[in-house]
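Have a look at the structure below before the remarks.
Numbering (this note's numbering), first residue to last: 43 to 443.
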């Protein structure tokens, strides 16, 4: 028993793992769009997104505890929708995941364009994506040291930008607070939630955490709170310091461009922040292409297709071939979808759909109703459906106008 316990991790380690899963480069892509679409009220939008994620995460953690098997969203959804519905949920999650990576590649191109203005962001993004796919094809993955460098490259610009912007904050930038109306505050949630995706990774820790029923929800709470606070101050500092016109005149404005406007004499620091953000994004996409290939490989193993199972068994479908498949999907999306706002919409639809199908599975468990656990599930399901509905509306809006 002592040996088994020694292999388990505590709440502290689980919290750090959760933070690493959530703190990602996505936060650097949402702030300018959030400010341009919502205005200063984007602070409220982020808070709504945070509480929505909190209730969704609690529900998914509960599902992971009840069904700790391979397949995650496929396994959860299968409990009520069967094999076909499970595959649909798993496919949606994979597609949402790949849309998110494509969006990051597009944002990387914009950040690199700041450094190399003579080359278009489209070309720089294409080159970046090609190189990252090639590295993954060669089996190059981030080492443990690389992971530490990645988290440092993410935290440094978050903390440095927050500190710099708070020295320039002015209540004048809060007026007008809600220039596009209260509806924009709710609609902006589909953008704000992008920076919090990854929380579902924490729920995979049940098999390695001591007293998982008690400690995984704790780790999830601590990780969400710490990351949520960091993000809140980051977004708030930018909105309080940068005049809204900077973002409305250019919705694609990067964080370094906003900082250069505020601190024209701090060129070195701004370039350093720009370099750190680019490094964080590159590391994130590099790691996530590999993670996406593992998701696809897992998808191929859980499907009932004899052909796919045979291809996996005889070694035709391997990690390398799934890397190539994921890379091709990202590349096709990158070359054919140019609207960043559409990427946020597609990512939300892909990722939130399996969240919803997972929470529905909990509603079919009588014990959950008796224990009162489904109060959290209903709250999570309600907020998820609101964001999902907004994303669907944004997707079909051009077709009905």
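Every residue gets a Cβ at the ideal spot worked out from N, C-alpha and C, and that includes glycine.
Does residue i pass the burial test, meaning 16 or more other C-beta atoms within 10 Å, or should it be called exposed?
i: residue 215; result: buried
i: residue 328; result: buried
i: residue 409; result: exposed
i: residue 426; result: buried
i: residue 267; result: exposed
i: residue 292; result: exposed
i: residue 334; result: buried
i: residue 180; result: exposed
i: residue 79; result: buried
i: residue 190; result: exposed
i: residue 300; result: buried
i: residue 43; result: Any reading at residue 43 needs caution, since the residue's pLDDT is 39, under 50, leaving its predicted position unreliable; the model's value is listed next. With fewer than 16 Cβ atoms within 10 Å of its Cβ, residue 43 is classed as exposed.
i: residue 288; result: buried
i: residue 213; result: exposed
i: residue 322; result: buried
i: residue 336; result: exposed
i: residue 231; result: buried
i: residue 131; result: buried
i: residue 47; result: Confidence in residue 47 is poor, its pLDDT being 49 and thus under 50, which makes the residue's placement unreliable; the coordinate value appears in the next sentence. Exposed.
i: residue 45; result: Reliability fails at residue 45, whose pLDDT of 39 lies under 50, so the model's placement of it is uncertain and no value is given.
i: residue 173; result: exposed
i: residue 396; result: buried
i: residue 370; result: exposed
i: residue 217; result: exposed
i: residue 261; result: buried
i: residue 413; result: exposed
i: residue 64; result: buried
i: residue 62; result: buried
Alpha carbons only, please: which of the options is nearest the one belonging to residue i?
i: residue 57; options: 153, 247 and 129; result: 247
i: residue 437; options: 400, 396, 382 and 424; result: 382
i: residue 318; options: 412, 192 and 223; result: 192
i: residue 387; options: 53, 171, 429 and 365; result: 429
i: residue 118; options: 434, 241 and 404; result: 404
i: residue 254; options: 271, 377 and 109; result: 109
i: residue 149; options: 178, 164 and 51; result: 164
i: residue 127; options: 135, 136, 116 and 137; result: 116
i: residue 86; options: 220, 61 and 74; result: 220
i: residue 51; options: 309, 258 and 250; result: 250
i: residue 125; options: 344, 412 and 356; result: 344
i: residue 27; options: 54, 55 and 70; result: Absent from the model: residue 27. The displayed extent of the chain is 43 to 443, so no value can be given.
i: residue 199; options: 136, 415, 314 and 371; result: 314
i: residue 197; options: 169, 243 and 271; result: 271
i: residue 233; options: 303, 88, 281 and 304; result: 88
i: residue 133; options: 294, 282, 389 and 440; result: 389
i: residue 434; options: 420, 207, 411 and 385; result: 385
For residue i, which of helix, strand or coil comes out of DSSP?
i: residue 43; result: Note on residue 43: pLDDT 39, under 50, position unreliable in the model; no value is reported.
i: residue 371; result: helix
i: residue 251; result: strand
i: residue 51; result: strand
i: residue 391; result: helix
i: residue 360; result: coil
i: residue 299; result: helix
i: residue 161; result: coil
i: residue 80; result: helix
i: residue 416; result: helix
i: residue 313; result: helix
i: residue 62; result: helix
i: residue 380; result: coil
i: residue 264; result: helix
i: residue 346; result: coil
i: residue 147; result: helix
i: residue 180; result: coil
i: residue 138; result: helix
i: residue 305; result: coil
i: residue 334; result: helix
i: residue 408; result: helix
i: residue 288; result: helix
i: residue 68; result: coil
i: residue 440; result: helix
Rounded to whole angstroms, how far is the Cβ of residue i from the Cβ of residue j, which I believe are closer than 8 Å?
i: residue 392; j: residue 205; result: No, residue 392 and residue 205 are not in contact; Cβ-Cβ is about 35 Å, not under 8 Å.
i: residue 121; j: residue 422; result: That pair is no contact at about 17 Å.
i: residue 38; j: residue 400; result: No answer is possible for residue 38: it lies beyond the span of the chain, which begins at 43 and ends at 443.
i: residue 175; j: residue 331; result: 7 Å
i: residue 158; j: residue 171; result: Not a contact, Cβ separation roughly 16 Å.
i: residue 222; j: residue 81; result: 6 Å
i: residue 39; j: residue 144; result: Given a span of 43 to 443 for the chain in the structure shown, any question on residue 39 remains unanswerable.
i: residue 84; j: residue 77; result: 6 Å
i: residue 153; j: residue 316; result: 6 Å
i: residue 277; j: residue 432; result: With a Cβ gap of about 19 Å, residue 277 and residue 432 do not count as contacting.
i: residue 280; j: residue 95; result: Incorrect: roughly 20 Å between the Cβ atoms, too far for contact.
Taking 7 Å as the line, does the beta carbon of residue i fall inside it for any heavy atom of the ligand HEM?
i: residue 317; result: Ligands displayed in this structure: none; no statement on the ligand HEM is therefore possible.
Exercise. For the segment 192 to 254, which segments carrying the alpha helix (DSSP H) assignment without a break, of at least 4 residues, lie completely within its bounds, in sequence order?
Worked result: As far as the segment 192 to 254 is concerned, its whole alpha helix (DSSP H) runs of at least 4 residues are 224 to 229 and 231 to 234.
Exercise. Whole beta strand (DSSP E) runs in the segment 93 to 125 with 3 or more residues, listed along the chain?
Worked result: Counting whole runs of 3 or more residues, the segment 93 to 125 contains no beta strand (DSSP E) stretch at all.
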